[in-house]
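Read the structure below first, then the notes.
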Amino acid sequence: MKQDKTVFLDLEGVLAPEMWPYLGKKFGLDALMATTREEPDYRHLMTRRVEALNAHGISMSAIQEAIAALPLFDGAVDFVRCLAREMTVILVTDSFRPMNEPYIRELRPDGVFCHSFLLDDRARIVGFDFWNELRGKHEAMSAWGRHAARTFAAGDAFNDLTLLRAVDRGILFRPSRATQAAATDLLWVSTYEELLGLFLADLEPATIARAAPPHRHARFAGENRGS
Numbered sequence: 005m006k007q008d009k010t011v012f013l014d015l016e017g018v019l020a021p022e023m024w025p026y027l028g029k030k031f032g033l034d035a036l037m038a039t040t041r042e043e044p045d046y047r048h049l050m051t052r053r054v055e056a057l058n059a060h061g062i063s064m065s066a067i068q069e070a071i072a073a074l075p076l077f078d079g080a081v082d083f084v085r086c087l088a089r090e091m092t093v094i095l096v097t098d099s100f101r102p103m104n105e106p107y108i109r110e111l112r113p114d115g116v117f118c119h120s121f122l123l124d125d126r127a128r129i130v131g132f133d134f135w136n137e138l139r140g141k142h143e144a145m146s147a148w149g150r151h152a153a154r155t156f157a158a159g160d161a162f163n164d165l166t167l168l169r170a171v172d173r174g175i176l177f178r179p180s181r182a183t184q185a186a187a188t189d190l191l192w193v194s195t196y197e198e199l200l201g202l203f204l205a206d207l208e209p210a211t212i213a214r215a216a217p218p219h220r221h222a223r224f225a226g227e228n229r230g231s
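Read left to right, the sequence shown gives residues 5 to 231 (this note's numbering).
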């Protein structure tokens, strides 16, 4: 039964491009280009981003309009549809509603764990609501995955690792070299076909031997991606 199986998918980096660098270029704001590499304190990073948006009078409607013009990765919708025929699909993302809603409407997952912006009556951001209090994405497994007989997950970055290790089958998707080095216990792939094949093979034990790569780390195109 589909209800017995759940897959948790990251949004940015797995199904969609990173939104903040795109917005930084779109609006010409360097403050939006910074990432957790430059500012590891995520609350402080988000405060800086919001201050920059408000200082330039950029409302949520303008942000959503910009995001709507940034397409999902090619093949992402079909990938999610294929998974949805076999299991419950849950997005687990550090992105924010309503900023990410253009993607959620297109992907139509069964559920979403994400943060939320608090808006004033002029659709300006005035605060945050962090769904997991920034304790880690594995909180989604605790909240939802315990009801599933089999659990799967895909992510691309450091903030996905606790979730990938909490499920029965966690796989990195197009990770940076730095993420690969920090997760030598996890398999990584670079195409939706490979990812789908591994997830579905895990549902059919007889096919695992021919579907799964022979090494712990499957080396596909994209191996030389920078960190």
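Even glycine gets a Cβ: it sits at the ideal position worked out from N, Cα and C.
In this text, all values refer to a predicted model and were calculated from it rather than measured experimentally.
Item, Value
"Decide yes or no for the touch test of the stretch 79 to 96 against the stretch 111 to 127: beta carbon pairs closer than 8 Å, at least 3 of them.", "yes"
"Could you name the residues of the same chain whose beta carbon sits closer than 7 Å to that of GLU143, not counting the 5 residues immediately before and after it, in chain order?", "ASN136"
"Could you check which residue in ASN104, ARG173 and PHE31 has the C-alpha nearest to that of LEU19?", "ASN104"
"Which same chain residues, not among the five before or five after THR166, have their C-beta less than 8 Å away from its C-beta?", "GLY140, LYS141 and HIS142"
"In angstroms, rounded to a whole number, what distance separates the CA positions of ARG89 and LYS6?", "7 Å"
"Kindly identify the DSSP beta-bridge partner or partners of TRP192.", "LEU176"
"Secondary structure at ILE62, three-state DSSP: helix, strand or coil?", "coil"
"From LEU74 to PRO21, what does the alpha carbon distance come to, in whole angstroms?", "8 Å"
"In angstroms, rounded to a whole number, what distance separates the CA positions of ASP45 and LEU27?", "20 Å"
"Can you tell me which of ASP189, GLY17 and ALA186 puts its alpha carbon nearest to the alpha carbon of ASP98?", "GLY17"
"Kindly indicate the opening and closing residues of the beta strand (DSSP E) around ASP133.", "129 to 133"
"Can you tell me whether DSSP reads ALA186 as helix, strand or coil?", "helix"
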